[in-house]
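S.K.:
Residue numbers (my numbering): 673 to 841.
#1: Could you pull the start and end residues of the beta strand (DSSP E) that residue 657 belongs to?
#2: Threshold first: 4 residues or longer. Then list the alpha helix (DSSP H) segments lying entirely within the stretch 692-735, N to C.
#3: Should the stretch 680-694 be regarded as contacting the stretch 709-717, the criterion being three or more beta carbon pairs within less than 8 Å?
#4: Consult DSSP for residue 801 and reduce its assignment to one of helix, strand or coil.
#5: Bridge partners for residue 689 per DSSP, in chain order?
#6: Suppose the cutoff is 8 Å on Cβ atoms and the five residues either side in sequence are ignored; what does the same chain contact list for residue 717 look like?
#7: What is the DSSP secondary structure of residue 795, counted as helix, strand or coil?
#8: Contact between the stretch 720-728 and the stretch 791-803: three or more CB pairs below 8 Å?
Pasting the structure below:
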């Protein structure tokens with residue numbers, strides 16, 4: 673049986689593979705993804721949070737993935753361990769994810785509406801830094817409120833991803 677392929681929903685955190693790295697954004701709809709993007713002209717270059725279409729976000733790629741965040745920080749190992757986390761290859765990874773959530777007293781999952789509002793509230797911001805304020809930090813903050821760099825990297829590395837396709841309207 674083939675894996676079911678889904679499309680993103682309002683407020684989802686999506687990502688796309690760009691060579692050896694992943695790029696992340698907050699999905700609003702096919703006409704709107706909020707993410708860090710470069711601005712380049714003959715005088716300056718910088719990254720800022722902007723709203724673009726899904727096609728522009730994908731930058732020529734035909735697919736993307738959806739990040740699945742644990743619902744709460746209430747330490748429910750049975751639910752988390754039983755979940756079909758395709759990208760979590762071992763029990764150790766699952767336990768690391770639980771420990772990360774347990775250590776983050778401010779961890780919460782914002783609703784899709786709140787996630788989208790948080791993302792849209794940052795449009796135009798130019799606080800980009802490759803190591804402390806990039807697309808990963810932005811989407812994790814939008815969805816969870818977590819801002820610590822080490823926790824952002826660890827969380828995104830442990831989250832399950834679901835393959836998605838462009839929706840056809």
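The beta-carbon is built from N, C-alpha and C at its ideal position, and this holds for glycine as well.
M.R.: Walking through what the data contain:
#1: Nothing can be reported for residue 657, as the shown portion of the chain is limited to 673 through 841.
#2: The stretch 692-735 contains these whole alpha helix (DSSP H) runs: 726-730.
#3: No contact exists between the stretch 680-694 and the stretch 709-717.
#4: Residue mapping note: residue 801 aligns to position 129 of the chain shown, counting from 1. Reduced to three states, the DSSP call for residue 801 is strand.
#5: Indexing the chain shown from 1 puts residue 689 at position 17. In the DSSP assignment, residue 689 forms a beta bridge with 694.
#6: Within the chain shown, the letter at position 45 stands for residue 717. Within the same chain, Cβ atoms closer than 8 Å to the Cβ of residue 717 are found at 710 and 711, the five residues on either side in sequence being excluded.
#7: The residue given as residue 795 occupies position 123 in the chain shown. If DSSP states are grouped into helix, strand and coil, residue 795 belongs with coil.
#8: Contact holds between the stretch 720-728 and the stretch 791-803, because three or more Cβ pairs, one in each stretch, are under 8 Å apart.
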